[in-house]
Amino acid sequence: MPGRTLYEKLWDAHVIREAGDGRSLIYVDRHLVQEVSSPQAFEELRREHRTVRRPDAHLAVADHAVPTRRRDQPIEDPQARAQVAMLIDNAAAYGIRMIPLRDDRQGIVHVIGPELGLTQPGITLVCGDSHTSTHGAFGALAFGIGASECHTVLATQCVIQGHSRTMQIRVDGALPRGCTVKDLTLAIIGRVGAAGGTGYAVEYAGSTISALSMEARMTLCNMSIELGARVGIVAPDDTTYAYLHGRPMAPRGAMWDRAVAYWRTLPSDADAVFDRTMTLDATTIVPQVTWGTSPQDVLPVDGTVPDPSHAADDATRRRWQKALDYMGLMPGTRLQDIEIDRVFIGSCTNGRIEDLRAAAAMLRGRSVAPGVAAMVVPGSGSVKRQAESEGLHTLFLNAGFEWREAGCSMCVAMNDDRLAPGQRCASTSNRNFEGRQGAGGRTHLMSPAMAAAAALAGRIVDVRQDSE
Amino acid sequence: MQKLVRIESVAAVLPEANVDTDAIFPARFLLLTTRDGLGRHLFQDRRQNADFPLNDPAVRDAKILVAGENFGCGSSRENAVWALADYGIRVVVAPSFGEIFHTNCFRNSVLPITLDAENLATIQSAAASGATLAVDLAAQSITLPDGAKVAFDIEPNRREALLNGWDETALILHRDAADIAAFEARQRETLPWLYES
Numbered sequence: 000m001p002g003r004t005l006y007e008k009l010w011d012a013h014v015i016r017e018a019g020d021g022r023s024l025i026y027v028d029r030h031l032v033q034e035v036s037s038p039q040a041f042e043e044l045r046r047e048h049r050t051v052r053r054p055d056a057h058l059a060v061a062d063h064a065v066p067t068r069r070r071d072q073p074i075e076d077p078q079a080r081a082q083v084a085m086l087i088d089n090a091a092a093y094g095i096r097m098i099p100l101r102d103d104r105q106g107i108v109h110v111i112g113p114e115l116g117l118t119q120p121g122i123t124l125v126c127g128d129s130h131t132s133t134h135g136a137f138g139a140l141a142f143g144i145g146a147s148e149c150h151t152v153l154a155t156q157c158v159i160q161g162h163s164r165t166m167q168i169r170v171d172g173a174l175p176r177g178c179t180v181k182d183l184t185l186a187i188i189g190r191v192g193a194a195g196g197t198g199y200a201v202e203y204a205g206s207t208i209s210a211l212s213m214e215a216r217m218t219l220c221n222m223s224i225e226l227g228a229r230v231g232i233v234a235p236d237d238t239t240y241a242y243l244h245g246r247p248m249a250p251r252g253a254m255w256d257r258a259v260a261y262w263r264t265l266p267s268d269a270d271a272v273f274d275r276t277m278t279l280d281a282t283t284i285v286p287q288v289t290w291g292t293s294p295q296d297v298l299p300v301d302g303t304v305p306d307p308s309h310a311a312d313d314a315t316r317r318r319w320q321k322a323l324d325y326m327g328l329m330p331g332t333r334l335q336d337i338e339i340d341r342v343f344i345g346s347c348t349n350g351r352i353e354d355l356r357a358a359a360a361m362l363r364g365r366s367v368a369p370g371v372a373a374m375v376v377p378g379s380g381s382v383k384r385q386a387e388s389e390g391l392h393t394l395f396l397n398a399g400f401e402w403r404e405a406g407c408s409m410c411v412a413m414n415d416d417r418l419a420p421g422q423r424c425a426s427t428s429n430r431n432f433e434g435r436q437g438a439g440g441r442t443h444l445m446s447p448a449m450a451a452a453a454a455l456a457g458r459i460v461d462v463r464q465d466s467e
Numbered sequence: 000m001q002k003l004v005r006i007e008s009v010a011a012v013l014p015e016a017n018v019d020t021d022a023i024f025p026a027r028f029l030l031l032t033t034r035d036g037l038g039r040h041l042f043q044d045r046r047q048n049a050d051f052p053l054n055d056p057a058v059r060d061a062k063i064l065v066a067g068e069n070f071g072c073g074s075s076r077e078n079a080v081w082a083l084a085d086y087g088i089r090v091v092v093a094p095s096f097g098e099i100f101h102t103n104c105f106r107n108s109v110l111p112i113t114l115d116a117e118n119l120a121t122i123q124s125a126a127a128s129g130a131t132l133a134v135d136l137a138a139q140s141i142t143l144p145d146g147a148k149v150a151f152d153i154e155p156n157r158r159e160a161l162l163n164g165w166d167e168t169a170l171i172l173h174r175d176a177a178d179i180a181a182f183e184a185r186q187r188e189t190l191p192w193l194y195e196s
């Protein structure tokens, strides 16, 4: 029998039955519940007189709609207040654990799941959010689902899914100075394209990946959905176990040893075959910045905005022109000549402690450029406290950044953290879609260090040229 | 779930690649906690542009949308499908779809049809000329006014579920309860740490 990939092992361990059409009924070990994708799921439970099959397998937290200021006050926006109240009521009514908004552990679902040790190798984990792929960093089979699938998970602890094809993206070599995993991630998306990973579960492997911290692996897996792949995974290893050991929801004592022994069986077998493979040399990566309205519209920071008249075909020419019109950019503009109005450092992609450290390291006593509004939104209360214990908040505040409470904030612009029409933002988030950070807003995706450097300069800059 | 058997109407054409669910249903309306009446927010920001295809009065009653590659990519928000369905769209024809959106369609009696470039071009030009298209799920075909037919593939189980309006959750509860319990009993033995809380 040929070897199996990590994805296939995770899949096989959770199949309850074949469901026809190449799909299977899959058992769900953990479900993260947030305020935006759950109201309709609970409403259906009530309407159909169903119960939650296994309340202990779910964890609820509000992150998308919550304000990042004045947490001691009731939520000002009546719709957001009602949505968060509904999550609290539903969690209480169905016996689901909930982390309250004023709890120190509150934060973005994809940041707190790992912090609490809820995210573990070998499990299936779902959430009504496409960035659930983040948890694949631990060797979990984690994917985003729709609200009505959330209902199915609440009622049955299962979901019917199609088996993905497998793609291995192998990256070797050391990332050059000034380049982070965000640059690697954007470069991969640029190469594979926004739809190139559709239908695939991507496993990231190679010496570059093995050397990454868990925070960096989460950034990488998080954006798998931006290349169309619902699942992005990294094999669990000693880095994974060291991160998880001692976390509140991780196994303890003899159970820990038993779990690690199981987790060590999960990595892809040496003779496993992937449906598609791709290799990348990390030493060739340079800092990346998006110029358009899809994460695949990405270029090295020393590049220039593309000219639609040079596009390979008509469809691409129209797409580029539409993106340039929306972004208010002229073909041939140097990326480093693009001036910005706002800076957002945070999100489930780059709102972790390493991201904040990398951004803070760029400041060195300098100040945010005149006319630029910059904010840091930690991914969780734990990240915020850790950053404050290291004095990072003082560095940010002294430089002129705002220092906010944890949440999704301006990555999704559901609260009052949003761009005004025409405003241009250097952002560490995951999507530069039209209107993503506010109707008419213009987003350039980049790494935390690049975003911090852009805040200081008032324009996009190359962090490699910003050294002492 | 509402049954979907045969849909006959003019079709709106949106021939853009990578139309994401943020465009279909802007995030600020995700604060709404119901699934009804969302059609008024469908493409709300894009519709500010008078030239946006859905603003054409000729396709106001379209039940069919002909879209581009990777339609519905990005966010998992099912509100995008709820908005399409509430607006009246029951069939989306495209060369490819975002995966989560694709699944969400089936759960809301919206039929996503994947066509190759040649067949898509046929449908697109017929739709653009104002033709009435007839989508027949049982026959797995789209019929043009001149009688020409374009066939499409669909997984048999999904077709059956749409034709009958089956609710997946009810089916699982009815059919699989014992198997799910047996799985849990087995997993509790092999991976006991997943059952400590």
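Listed in order, the protein sequences are those of chains G and S.
Just so you know, we're using numbering that gives the first Met the number 0 here: the first sequence kicks off at 0 and counts up by one.
Just so you know, we're using numbering that gives the first Met the number 0 here: the second sequence kicks off at 0 and counts up by one.
Backbone N, C-alpha and C define an ideal beta-carbon position, used for all residues, glycine too.
Neighbour flag for residue i against chain S, beta carbons, 7 Å
i: Q320(G); result: no
i: R441(G); result: no
i: M222(G); result: no
i: S147(G); result: yes
i: G434(G); result: yes
i: A193(G); result: yes
i: Q422(G); result: no
i: T155(G); result: yes
i: D128(G); result: yes
i: A241(G); result: no
i: P305(G); result: no
i: D28(G); result: yes
i: G143(G); result: yes
Residue-level contact to chain G via CB, residue i, 7 Å cutoff
i: D197(S); result: There is simply no residue 197(S) to check, as chain S begins at 0 and stops at 196 in what is shown.
i: T83(S); result: The sequence shown places Leu at residue 83(S), rather than the Thr named in the question. No, no contact with chain G.
i: A26(S); result: yes
i: E7(S); result: no
i: S124(S); result: no
i: D152(S); result: no
i: W165(S); result: no
i: T131(S); result: no
i: F70(S); result: no
Span of the beta strand (DSSP E) around residue i
i: G231(G); result: V230 to V233
i: R29(G); result: R29 to V32
i: L279(G); result: R275 to D280
i: Y86(S); result: Taken as a continuous stretch (DSSP letters only), Y86(S) belongs to no beta strand (DSSP E), being part of the alpha helix (DSSP H) at N78 to Y86.
i: Q287(G); result: Q287 to T289
Same chain, Cβ closer than 7 Å to residue i, five either side skipped, listed in chain order
i: N89(G); result: S37 and F41
i: D461(G); result: P286, V300, D301 and Q335
Close Cβ partners of residue i (< 8 Å) along its chain, the five nearest in sequence each way excluded
i: D55(S); result: A11
i: T131(S); result: E7, S8, V9 and P144
i: G94(G); result: V51 and P54
Endpoints, alpha helix (DSSP H) assigned at residue i
i: K321(G); result: D313 to M326
i: K8(G); result: L5 to D11
i: F182(S); result: E167 to T189
i: L161(S); result: P155 to N163
i: A398(G); result: L391 to A398
i: A125(S); result: A116 to A127
i: H109(G); result: V108 to L115
Beta-carbon proximity list for residue i, same chain, < 6 Å, skipping 5 on both sides
i: I98(G); result: V60, R104 and Q105
i: S293(G); result: A193
i: Q82(G); result: E34 and A64
i: M85(G); result: P38
Which runs of the beta strand (DSSP E) fall wholly inside the segment 47-81 of chain G and span at least 3 residues, in chain order? 57-60, all fully within the segment 47-81 of chain G.
Considering only residues of the segment 153-195 of chain G, which uninterrupted beta strand (DSSP E) runs meet the minimum length of 3 residues and lie entirely inside it, listed in chain order? Correct list: 157-161 and 164-171.
Segment contact, 8 Å Cβ cut-off, at least three pairs: the segment 146-155 of chain G with the segment 51-60 of chain G: Yes, the segment 146-155 of chain G touches the segment 51-60 of chain G.
Below 8 Å, how does it come out for the segment 118-137 of chain S and the segment 9-28 of chain S: are there three or more Cβ pairs, yes or no? Enough Cβ pairs lie closer than 8 Å, so yes.
Hey, is the segment 415-422 of chain G in contact with the segment 387-397 of chain G, meaning 3+ C-beta pairs nearer than 8 Å? Contact between the segment 415-422 of chain G and the segment 387-397 of chain G is absent: fewer than 3 CB-CB pairs across the two stretches fall below 8 Å.
Short-range partners of chain B found in the segment 12-26 of chain G, where Cβ spacing is below 8 Å: Of the protein chains in the structure, G and S, none is chain B.
Looking at C-beta atoms only, is the number of pairs between the segment 282-294 of chain G and the segment 249-260 of chain G that lie closer than 8 Å three or more? Touching, no, given that fewer than three Cβ pairs across the two stretches are closer than 8 Å.
Can you find at least 3 beta carbon pairs, one from the segment 204-219 of chain G and one from the segment 173-185 of chain G, that sit closer than 8 Å? At 8 Å Cβ cutoff, the stretches touch.
Decide if the segment 20-33 of chain S is in contact with the segment 65-82 of chain S; the criterion is three or more beta carbon pairs, one per stretch, under 8 Å apart. Per the Cβ contact rule, the segment 20-33 of chain S is in contact with the segment 65-82 of chain S (3 or more Cβ pairs under 8 Å).
Spell out a yes or no on whether the segment 231-248 of chain G and the segment 309-318 of chain G are touching, meaning 3 or more CB-CB pairs, one atom from each, closer than 8 Å. At 8 Å Cβ cutoff, the stretches do not touch.
Three or more beta-carbon pairs under 8 Å between the segment 436-448 of chain G and the segment 104-124 of chain S, yes or no? Counting Cβ pairs under 8 Å, fewer than three are found: no touch.
For the structure I just gave you, are there three or more beta carbon pairs, one from the segment 400-411 of chain G and one from the segment 426-441 of chain G, closer than 8 Å? Yes, since at least three Cβ pairs between the segment 400-411 of chain G and the segment 426-441 of chain G fall closer than 8 Å, the two stretches touch.
Does the segment 90-102 of chain S come within contact of the segment 39-53 of chain S, defined as at least 3 CB pairs closer than 8 Å? Contact fails: fewer than three Cβ-Cβ distances are below 8 Å.
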